[in-house]
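Asks: Here's a structure for you.
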Amino acid sequence: MPALLMAFALLAGPAPATQVPLLVGERQVVTLEFTRPVAKLGVTDAEAVQLEASGQKLKVTGLRAGRTQLEVSFDDGAVLAWDVTVVALRRPGPVAGGAPGELELAIGEERRIPAPGLARLLFEENGALKVRAETEAVVLIATGPGRASVVLVDGAGKRTTLTVRVKP
2 MPALLMAFAL LAGPAPATQV PLLVGERQVV TLEFTRPVAK LGVTDAEAVQ LEASGQKLKV
62 TGLRAGRTQL EVSFDDGAVL AWDVTVVALR RPGPVAGGAP GELELAIGEE RRIPAPGLAR
122 LLFEENGALK VRAETEAVVL IATGPGRASV VLVDGAGKRT TLTVRVKP
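Residue numbers for the sequence shown, in our numbering: 2 to 169.
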């Protein structure tokens with residue numbers, strides 16, 4: 002093998018570890034059991050999963066929807082890697098009997114509304130509702146009795162209007 006080619010092969014190092022897919026739902030706990038004790042853990046997004054290692058077992062709890070990579074190192078130096086996908090819970094939709102686009106919340110209640118591609122968020126600041134934009138969603142928090150309108154505008158300019166009624 003020519004020297005230059007051998008140098009590139011050495012610089013490349015070992016091939017990256019293959020990642021095993023792992024699906025976990027929000028609030029779901031999955032226990033992984035191994036033949037060797039867990040020595041070290043690594044995760045790319047600590048807010049997506051909670052990890053609890055105990056001897057040869059690892060509890061993985063889904064906290065927030067998203068993806069993260071997980072690496073487990075064992076006492077003999079071996080490493081196993083996962084591509085973890087945390088699947089979101091299905092949240093309740095509008096209250097039965099309400100008009101389309103109308104929500105009813107109790108004071109203190111929080112509702113997460115999917116909003117893929119959200120570009121703008123408009124809402125009434127009248128003391129009935131606090132509104133916060135998150136990645137791909139809008140969080141509504143009922144703060145006082147009354148009604149408030151919320152308008153979600155996506156990147157293409159499509160508007161979705163919600164009327165939120167906060168009951169005492």
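Quick reminder that beta carbons are idealized off the backbone N, C-alpha and C, glycines included.
(1) Between the Cα of Val154 and the Cα atoms of Leu163, Arg37, Arg121, Glu126, which residue gives the shortest distance?
(2) How far does the beta strand (DSSP E) with Ala143 in it extend, from its first residue to its last?
(3) Taking Cβ to Cβ, would you say Val139 is nearer than 9 Å to Ala157?
(4) State yes or no: is the C-beta of Val44 within less than 9 Å of the C-beta of Thr62?
(5) Could you name each continuous alpha helix (DSSP H) segment of 4 residues or more that falls completely within the segment 103-136, going from the start of the chain to the end?
(6) Can you tell me where the beta strand (DSSP E) holding Gln20 begins and where it ends?
(7) Comparing alpha-carbon positions, which option in Glu111, Pro146, Val21 lies nearest Trp83?
(8) Report yes if the CB atom of Glu137 is closer than 9 Å to the CB atom of Gly118, and no otherwise.
(9) Does DSSP put Lys41 in a helix, a strand or coil?
(10) On the DSSP letters alone, give me the boundaries of the beta strand (DSSP E) that Ala149 sits inside.
Replies: The relevant details are as follows:
(1) It is Arg121.
(2) 138-143
(3) Taking 9 Å as the cut-off, the Cβ atoms of Val139 and Ala157 do not count as close.
(4) No, the pair does not count as a contact, with Cβ atoms beyond the cut-off.
(5) none
(6) 20-26
(7) Val21
(8) yes
(9) strand
(10) 147-155
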